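As given, the protein sequences belong to chains A, B and C, one line each in that order. Here the first sequence is numbered in UniProt numbering, starting from 1 and rising by one per residue. Here the second sequence is numbered in UniProt numbering, starting from 1 and rising by one per residue. Here the third sequence is numbered in UniProt numbering, starting from 1 and rising by one per residue. Structure, as structure tokens:
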Amino acid sequence: MWGSGILKGLGITFKHLWERKITEQYPEERPKLYPRFRGRLMLNPEKCIVCGMCVKSCPNNVLSFTEARLKESKKKVLTSYTIDHQYCMFCNLCVEACPTNGLYFSHDFEWAAFKREDIKTVYEPDLTGLELLALEEGEKKSAEKEAEDKLLKGVNAMIAAIKKNPARALSKVVESEEEALKLSEILGDDESKIKKLAELMVSDKEKAAKVAKAFLIKGQKKEQEG
Amino acid sequence: MQLSDLVFYALAAFTIIAALGVVALPNIVHSALCLVLTFIGVAGIYFYLGADFIGLIQILAYAGAISVLMIFAVMLLLSRDVSESNPSHKKGKYLAALFSGLFAFLLALSIYSTSWDLTEGAEIVDSIGKIAYMLMGDYVIAFEAAAILLLAAVIGAVILARGEEKR
Amino acid sequence: MKGAETFFVDLARAIVNGLENMGMSALGAEIILLIIKFACIAGIVTVNIIILIWLERKISGFIQLRLGPNRLGPWGVFQTIADAIKLLTKEDIIPSQTDKIIFRTAPIVFIIISLMLYVVLPFGDGMAIVDLNLGVLYFISVGSLGTIALLMAGWGSNNKWSLLGAMRSVAQMISYEIPLVFSLLAVVMIAGSLNMSDIVNAQDKIWFVFLQPVAFITYFIAATAELNRGPFDMPEAEQELTAGAYTEYSGMRWALFFLAEYTNLFAVSALTAIMFFGGFKGPFLPSWLWLPIKAYIIMLVFFWLKWTLPRIRMDHLMAFSWKVLIPVTLANLVVTGCVLHFLK
Numbered sequence: 001m002w003g004s005g006i007l008k009g010l011g012i013t014f015k016h017l018w019e020r021k022i023t024e025q026y027p028e029e030r031p032k033l034y035p036r037f038r039g040r041l042m043l044n045p046e047k048c049i050v051c052g053m054c055v056k057s058c059p060n061n062v063l064s065f066t067e068a069r070l071k072e073s074k075k076k077v078l079t080s081y082t083i084d085h086q087y088c089m090f091c092n093l094c095v096e097a098c099p100t101n102g103l104y105f106s107h108d109f110e111w112a113a114f115k116r117e118d119i120k121t122v123y124e125p126d127l128t129g130l131e132l133l134a135l136e137e138g139e140k141k142s143a144e145k146e147a148e149d150k151l152l153k154g155v156n157a158m159i160a161a162i163k164k165n166p167a168r169a170l171s172k173v174v175e176s177e178e179e180a181l182k183l184s185e186i187l188g189d190d191e192s193k194i195k196k197l198a199e200l201m202v203s204d205k206e207k208a209a210k211v212a213k214a215f216l217i218k219g220q221k222k223e224q225e226g
Numbered sequence: 001m002q003l004s005d006l007v008f009y010a011l012a013a014f015t016i017i018a019a020l021g022v023v024a025l026p027n028i029v030h031s032a033l034c035l036v037l038t039f040i041g042v043a044g045i046y047f048y049l050g051a052d053f054i055g056l057i058q059i060l061a062y063a064g065a066i067s068v069l070m071i072f073a074v075m076l077l078l079s080r081d082v083s084e085s086n087p088s089h090k091k092g093k094y095l096a097a098l099f100s101g102l103f104a105f106l107l108a109l110s111i112y113s114t115s116w117d118l119t120e121g122a123e124i125v126d127s128i129g130k131i132a133y134m135l136m137g138d139y140v141i142a143f144e145a146a147a148i149l150l151l152a153a154v155i156g157a158v159i160l161a162r163g164e165e166k167r
Numbered sequence: 001m002k003g004a005e006t007f008f009v010d011l012a013r014a015i016v017n018g019l020e021n022m023g024m025s026a027l028g029a030e031i032i033l034l035i036i037k038f039a040c041i042a043g044i045v046t047v048n049i050i051i052l053i054w055l056e057r058k059i060s061g062f063i064q065l066r067l068g069p070n071r072l073g074p075w076g077v078f079q080t081i082a083d084a085i086k087l088l089t090k091e092d093i094i095p096s097q098t099d100k101i102i103f104r105t106a107p108i109v110f111i112i113i114s115l116m117l118y119v120v121l122p123f124g125d126g127m128a129i130v131d132l133n134l135g136v137l138y139f140i141s142v143g144s145l146g147t148i149a150l151l152m153a154g155w156g157s158n159n160k161w162s163l164l165g166a167m168r169s170v171a172q173m174i175s176y177e178i179p180l181v182f183s184l185l186a187v188v189m190i191a192g193s194l195n196m197s198d199i200v201n202a203q204d205k206i207w208f209v210f211l212q213p214v215a216f217i218t219y220f221i222a223a224t225a226e227l228n229r230g231p232f233d234m235p236e237a238e239q240e241l242t243a244g245a246y247t248e249y250s251g252m253r254w255a256l257f258f259l260a261e262y263t264n265l266f267a268v269s270a271l272t273a274i275m276f277f278g279g280f281k282g283p284f285l286p287s288w289l290w291l292p293i294k295a296y297i298i299m300l301v302f303f304w305l306k307w308t309l310p311r312i313r314m315d316h317l318m319a320f321s322w323k324v325l326i327p328v329t330l331a332n333l334v335v336t337g338c339v340l341h342f343l344k
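Following this line, the structure appears as structure tokens:
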């Protein structure tokens with residue numbers, strides 16, 4: 001009352017006027033960081049045993065790597081390791097997952113970069129003098145893809161065949177030609193059923209036969225009821 | 001022509017041009033601002049005549065307060081386009097010319113019929129003291145009457161602003 | 001000491017004498033001296049403001065436990081100069097929907113009015129530019145014209161924030177002018193003169209702040225409101241009105257407003273020193289140093305208040321003026337008048 005609050009406030013600001021300032025003059029004066037501060041995620045490539053645990057533990061797909069085997073000892077070695085920091089949320093899961101403590105959070109917090117690509121860190125360990133096994137990760141992948149493509153081609157061909165001449169195409173999974181015709185009647189224009197059957201006929205003939213039988217039985221039941 | 005005459009003509013021209021602006025400008029806010037200039041010009045004429053106290057009061061009360069209140073009211077009450085807020089009324093222009101001519105004639109008549117007592121080089125030193133003695137001496141009744149009028153106006157304003165009390 | 005005391009007065013006389021010896025008429029010499037005096041005022045004001053803005057930023061920083069400007073020069077003293085250069089070289093933006101004439105003239109009117117205030121201030125013994133008999137009245141009446149400049153800025157900008165800010169500042173300035181004048185009137189009654197030099201000389205024995213403590217407090221509050229400074233900075237309340245009447249201004253026009261605000265601040269502080277703290281009177285130092293020293297101390301108090309108190313609400317602001325300050329100042333006037341009457 002009567003301005004005592006104002007005087008109290010003035011007293012506080014007057015005291016502040018002479019107190020030590022809390023401003024940190026950043027570029028000259030470095031901030032004090034505590035040991036568990038999570039700065040930029042770093043890898044010690046020498047400690048890496050290429051187990052892939054970090055990649056599996058990461059919720060944001062920040063981490064990725066390529067590997068190779070040594071020709072003599074068949075031991076896995078790291079050929080490159082990429083940390084895409086822009087997706088990292090500093091959850092610490094990869095650091096916890098790493099069995100050799102090769103991943104760690106550094107105290108580097110100055111992230112500014114001119115390009116998006118610059119936010120990535122790529123480690124490429126020096127592998128000169130080491131003989132590597134020929135099969136690289138990339139080749140393996142392309143082989144798998146080829147097989148997949150082949151399968152898809154076969155399925156498409158089979159669907160075409162079923163549509164064109166169902167009796168002949170379906171006779172491979174059923175016992176008689178009559179049954180084949182019946183089956184083609186049941187399947188009718190149902191694309192999804194045809195596709196399913198065609199897939200099985202290409203990959204697993206026994207299973208295809210079973211499924212065909214099941215279709216037939218179902219069709220017969222329906223006929224009796226109708 | 002003396003230098004002091006030149007000052008008077010400059011002040012008079014300034015005042016008249018500003019006053020014409022008040023009447024002629026299509027934007028009423030511009031008119032109101034011109035009114036401020038007119039008041040300042042009139043205050044300058046007061047200074048020129050040696051009535052420094054009156055001149056300052058002219059600036060304080062008219063240019064500083066009353067015109068501001070006028071601009072305030074204009075701004076708050078303006079609802080249509082500002083650029084044509086002060087239209088010139090052509091309807092009664094002959095009537096207006098007649099009345100203003102009559103007024104100017106009466107003014108000129110009164111000016112010429114008055115005998116002006118000229119005192120050469122008399123400088124008023126303590127104008128405010130003289131005004132004070134006059135207001136509190138010879139003209140005290142008029143002064144107090146004006147004060148009561150203003151008091152009544154203030155009370156009226158307060159009552160109007162408060163509105164009717166509910167019972 | 002004697003030479004220092006009358007240094008500027010002697011200098012002015014020497015200039016006039018020199019011009020007259022060169023064959024100029026007395027009137028011409030006086031006019032040239034007057035022009036020199038005005039130029040000096042403009043220079044002093046500009047330099048002063050560079051210091052003032054730096055000081056305010058520094059003090060506001062210190063009060064908030066920050067360092068304030070500290071990059072340019074020692075303790076950041078060149079910060080304001082850098083800011084001024086930036087503002088001078090900035091593009092002059094005039095929004096398309098503004099009232100162009102009013103928008104352009106408003107800052108000029110504002111700065112002219114605030115510079116006009118300096119004409120009557122006695123900076124030292126016999127050092128007022130024009131030693132007007134009605135100095136105090138002149139100061140108040142010219143100061144009251146500032147509202148028009150603000151109103152012009154607010155209206156000319158054609159922006160709701162600007163207009164609201166201008167309306168607020170005008171309402172505030174008109175309301176607080178009354179207690180301001182009444183508090184100064186009490187001092188004038190004691191001094192028996194409206195001449196500022198006379199008022200200073202009347203404080204030979206005792207400062208009026210001791211004779212009129214109530215008037216001083218009410219005057220100080222009203223002056224803070226007149227200057228639109230915190231805690232009465234409603235017209236520029238950043239959080240609600242962006243920058244009040246100055247919202248649409250940028251570059252040099254904005255800088256002129258800023259300059260004028262600080263010019264007013266120094267003028268009002270000097271007036272406070274003159275009316276209540278003995279003006280240029282003081283021991284040891286020459287008289288023309290005492291007034292700036294006192295004015296600067298008063299300005300520090302203004303800064304201190306601004307950076308301590310939160311902004312007052314608009315209706316409280318008006319209510320405080322009309323319901324508290326005006327009755328108090330009126331009562332003070334009556335008491336002062338009675339005491340003066342019985343002392344005679």
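Yeah, the Cβ is synthetic: ideal placement off N, Cα and C, and Gly gets one too. Since the structure is predicted, the reported quantities are computational estimates derived from the model, not experimental observations.
Cα atoms of Lys100/C and Val7/B: separation of roughly 31 Å, rounded to the nearest angstrom.
For a Cβ distance threshold of 8 Å, residue set Lys21, Thr23, Gln25 of chain A lies close to Leu67/C, ordered along the chain.
For a cut-off of 8 Å, the C-beta gap from Ser127/B to Ala18/B is around 26 Å, too long to register as a contact. Put simply, the backbone Cα of Ala161/B is about 41 Å away from that of Tyr48/B. For the set Lys153/A, Gly11/A, Tyr104/A, the Cα lying nearest the Cα of Phe37/A is the one of Tyr104/A. As a beta-bridge residue in DSSP terms, Leu43/A pairs with Leu103/A. Look at Thr147/C: its C-beta is under 7 Å from a C-beta on chain B. If you check each beta-carbon in the segment 173-187 of chain C against every beta-carbon of chain B, the ones closer than 8 Å belong to Ile174, Glu177. Taking 7 Å as the threshold, the shortest C-beta distance from Ile93/C to chain A does not fall below it.
Boundaries of the beta strand (DSSP E) harbouring Arg69/A: 63-69, taken from the DSSP string. One alpha carbon belongs to Thr336/C, the other to Met189/C, and they sit about 8 Å apart.
Proximity of Thr218/C to chain A, defined by a Cβ-Cβ separation below 7 Å, is not satisfied. Contact with chain B is absent for Trp290/C, since none of that chain's Cβ atoms lies less than 7 Å from the residue's Cβ. Assigned with DSSP and collapsed to three states, Leu78/A falls in strand.
Non-local beta-carbon contacts of Phe276/C in its own chain, meaning distances under 6 Å to residues more than five positions away in sequence, involve Phe208, Val209, Phe216 in chain order. Of the candidates Gly92/B, Leu78/B, Leu33/B, Leu33/B places its Cα closest to the Cα of Ala63/B. A contact between stretches requires three or more CB pairs, one per stretch, nearer than 8 Å, and the segment 135-150 of chain C meets this requirement with the segment 53-61 of chain B. The way I'd put it, the segment 151-162 of chain C does touch the segment 97-117 of chain C; three or more beta-carbon pairs between them come closer than 8 Å. Using a Cβ-Cβ cut-off of 7 Å, Val109/C does not count as an interface residue toward chain B, since no Cβ of chain B sits closer than that to its own.
No Cβ-Cβ contact shorter than 7 Å links Val74/B with Ile131/B.
In the three-state scheme derived from DSSP, where H, G and I count as helix and E and B as strand, Val173/A is classed as coil.
For Lys196/A, the closest alpha carbon among the candidates Ser176/A, Gly5/A, Val155/A is that of Val155/A. Rounded to the nearest angstrom, the gap between the Cα atoms of Cys48/A and Thr100/A is 7 Å. Chain A places a beta carbon closer than 7 Å to that of Thr308/C, counting this residue as a contact. When Cβ-Cβ separations below 7 Å define contact, Gly9/A makes contact with chain C. Think of a sphere of 9 Å around the beta carbon of Trp304/C: the chain A residues whose beta carbon falls inside it are Leu10, Thr13, Phe14, Leu17, in chain order. In terms of Cα proximity to Ala112/A, the closest of Asn92/A, Glu179/A, His85/A is His85/A. By the neighbour-count definition (other C-beta atoms within 10 Å, threshold 16), Val122/A is an exposed residue.
Leu7/A and Phe62/C do not touch by the CB rule: their CB atoms are close to 19 Å apart, not below 8 Å.
In the displayed model, Lys120/A falls within a strand according to three-state DSSP. Between the beta-carbon of Ala29/C and that of Leu115/C there is about 23 Å, and that puts the pair past the 8 Å contact cut. Interface residue (Cβ-Cβ distance to chain A less than 7 Å): Phe320/C is not classified as such. Per DSSP, Phe38/C is one residue of the alpha helix (DSSP H) stretching across 26-63.
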